[in-house]
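In my numbering, the protein residues as written are 193 to 249.
Yeah, the Cβ is synthetic: ideal placement off N, Cα and C, and Gly gets one too.
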């Protein structure tokens, strides 16, 4: 599939804004529940070459 750089850049900006908006709520919930950052292991994520999500990874 073809991708157009302006749309990819715009998507990244929107994602950053959304995460920035959500972070205070996530931190508040962590404190409310008393959760501690503990690693339970590793996660491997991948995309198939040529997939719409493969943007040069």
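Exercise. Please classify residue 252: does DSSP put it in a helix, a strand, or coil?
Key: The question about residue 252 has no answer here: the residues shown for the chain are numbered 193 through 249.
Exercise. Determine the DSSP secondary structure at residue 211, reduced to helix, strand or coil.
Key: Residue state for residue 211 is assigned as helix, using DSSP reduced to three classes.
Quiz item: Can you tell me whether DSSP reads residue 241 as helix, strand or coil?
Solution: Residue 241: coil per DSSP, three-state reduction.
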